[in-house]
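Participant: Okay, handing you the structure first.
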Amino acid sequence: MLEEEYERDRRRLPWHLRRRSTPERPFSYEIRPVTDADLPDVREIYNYYVTNSVVTFDEKKWALGQWRDKRADLARLGLPFLVAESPTGQVLGYALVQPMSAKSGYRYSVETTIYLGQAAAGKGLGRAMLEALIAACEAAGIREMVAIISDKGAEASVALHERLGFVEVGRMGRVGYKFGRPLGTISMQKSLNPKKKRRLFAR
Ligand SMILES: CC(C)(COP(=O)(O)OP(=O)(O)OC[C@H]1O[C@@H](n2cnc3c(N)ncnc32)[C@H](O)[C@@H]1OP(=O)(O)O)[C@@H](O)C(=O)NCCC(=O)NCCS
């Protein structure tokens, strides 16, 4: 046996010991309306950002009861509240809209909220969820969507909204305060093509 043949065979492990290349699992999910059973996961996703970031100006964790009330309010107003679920049943993130103001003249305008679990961010899910949210708002007769985004640490959110046609319409400085420092907001807006007429006294 030639020396190089010996070296080649020596380095090759028997087939059952060889490392198999594991095919990368595709990142798949289903986007659907929220159910009550999803709310504990939604709470965990949001509370992570409450505790660890300035992307929300909330400083106190939300309790399950607050999420139940929020879900009931949005359902009563006919406003979308979506979740993305993994094939194993895990909630990966959520997106919702709420009235821009409780004053009835704002009835065609909503404010967006979107949060993904850390492991699900940066893989295109945010885009898919915001697209689904926009479509659901158009189906519900909404005319204007606004996003009020922290001016620190929310670059992904600004980029995401920009990609889907939101335009920056203003900034406010020092309106928020968290972790001992003042924070501002960036306002972004998108006009929709509503597919149905919204009831005049929908809220
Ligand atoms: C904001 C958030 C929903 C975005 O969702 P995502 O799945 O991470 O974003 P996507 O992977 O769908 O990316 C959407 C676009 O934004 C761009 N983008 C994402 N993160 C970015 C970043 N940090 N900086 C610049 N651009 C970024 C992507 O390149 C992509 O553009 P493309 O479609 O042209 O390729 C998600 O990151 C998140 O939940 N972040 C923490 C919570 C948060 O900030 N919520 C918003 C509060 S206002």
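Heads up: the sequence shown begins at 1 in full-length UniProt numbering, then just goes up one per residue.
Glycine included, each C-beta is placed from N, C-alpha and C at the ideal position.
Could you check how far apart the C-beta atoms of Arg198 and Ala140 are, in whole angstroms? I think they sit under 8 Å.
Facilitator: 7 Å
Participant: Give me whichever residues DSSP pairs with Val91 in a beta bridge.
Facilitator: Glu85
Participant: Report the option in Tyr115, Val42, Arg76, Tyr29 whose CA atom is closest to the CA atom of Leu160.
Facilitator: Tyr115
Participant: Shortest alpha-carbon distance to Leu74 belongs to which of Phe27, Ala63, Ala136, Arg18?
Facilitator: Ala136
Participant: Starting from Met129, follow the alpha helix (DSSP H) in both directions and report where the run begins and ends.
Facilitator: From DSSP, the alpha helix (DSSP H) with Met129 extends over 125 to 139.
Participant: So the beta strand (DSSP E) Ala147 belongs to, where does it begin and stop?
Facilitator: It spans 144 to 150 - the beta strand (DSSP E) in which Ala147 sits, taken as one unbroken run.
Participant: Between Leu64 and Thr51, what straight-line distance do the alpha-carbon atoms span, to the nearest angstrom?
Facilitator: 16 Å
Participant: For Ser53, which residues of its own chain have a beta-carbon under 8 Å away from its beta-carbon, when the five flanking residues on both sides are left out?
Facilitator: Correct list, in chain order: Gly153.
Participant: Is Glu168 helix, strand or coil by DSSP?
Facilitator: strand
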